[in-house]
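Numbered according to this note's numbering, the sequence shown spans residues 1318 to 1487. For each residue, glycine too, the CB sits at the ideal point set by N, CA and C. As the structure is a prediction and not an experimental result, all values here were calculated from the model. In what follows, a single structure is set out as C-alpha cells and then discussed.
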Amino acid sequence: MRPLGVAAMLLLCANAASAADLRTCASIVDNAERLACYDRIVSTETGSPAVPQAAIVAPAAVQASEPPAPAAAAAPAPVDQAAAFGAETVPRTEVDVSGTLHARMLGAFTGWRPGMVVELDNGQTWKSIDNDRQEHDPIQAPQITIEKGLMNYWMKVEGMHRGFKVRRIH
C-alpha cells in the first residue's frame, strides 16, 4: 500500500506542475507555436524527443472570396419515426427511432396465436413470434402499442393486461 501512495503523490505533483505549463501553452495565439509548446510538455514528461520544428508547417491562407460550404447539404433528411419503427428486421438503412410506437390495428382483434399477422393503420405489418396463445373478446380496431425490448418487440393491445412478442415483416 505504501508504494502506491508514493506513486500517487508523485503523479499529483507532476500534474500540478504541468497544469501551469498547459495554461501557458493555451494562452499562445499562434497555432504553430501553441502546438510546439504542447509538444515540448509531452516530450519532457514522456522522455521522447520533441517533434522537429521543420515538421510544423503553417496552413496556407484561405482566400476571402471563397464561399463557405452549404451546411444544409450535409444535413440528413428527416426520418418519419413511425414509419421507421421496427425496421431493423426489414432490410433497409439503419435509423435511430424512439422505443415506442402507437397505432391502430386494422380489423378486429380476437386474441393472439403463434404466427398471427397484424396490420396497422400506418401501413406496417407485424407477426407474432410468441409461442403463447390467448383468446379475447373481439375488439374492433384497438389501439396498439409496440415497445422495443432487449432483443425483440412487444405488442400490447388496448384492453389487455399482457402483451406478446412480435417481429416487423413490412
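Helix, strand or coil: how does DSSP classify residue i here?
i, result
"I1486", "coil"
"A1458", "coil"
"V1359", "helix"
"A1336", "helix"
Strictly by DSSP, which residues pair up with residue i?
i, result
"L1437", "M1422"
"V1346", "Partner(s): none; V1346 has no beta bridge."
"F1481", "M1472"
"E1452", "G1428"
Suppose you measure from the CA of residue i to the CA of residue j; what does that come to, to the nearest Å?
i, j, result
"N1469", "R1484", "7 Å"
"D1449", "P1459", "20 Å"
"A1401", "N1439", "11 Å"
"D1347", "A1353", "10 Å"
"D1338", "I1358", "7 Å"
"I1446", "Y1355", "59 Å"
"D1454", "G1428", "8 Å"
Counting C-beta neighbours from all protein chains within 10 Å, is the total for residue i 16 or more, i.e. buried, or is it exposed?
i, result
"L1437", "buried"
"V1434", "exposed"
"Q1451", "exposed"
"G1432", "exposed"
"A1420", "buried"
"Q1441", "buried"
Give the single residue among the options whose Cα lies nearest to the Cα of residue i.
i, options, result
"G1301", "A1425, L1467, T1442", "This structure cannot speak to residue 1301, because the chain is shown only from 1318 to 1487."
"M1477", "F1426, H1487, A1349, K1444", "F1426"
"L1418", "T1341, G1403, R1430, G1424", "G1403"
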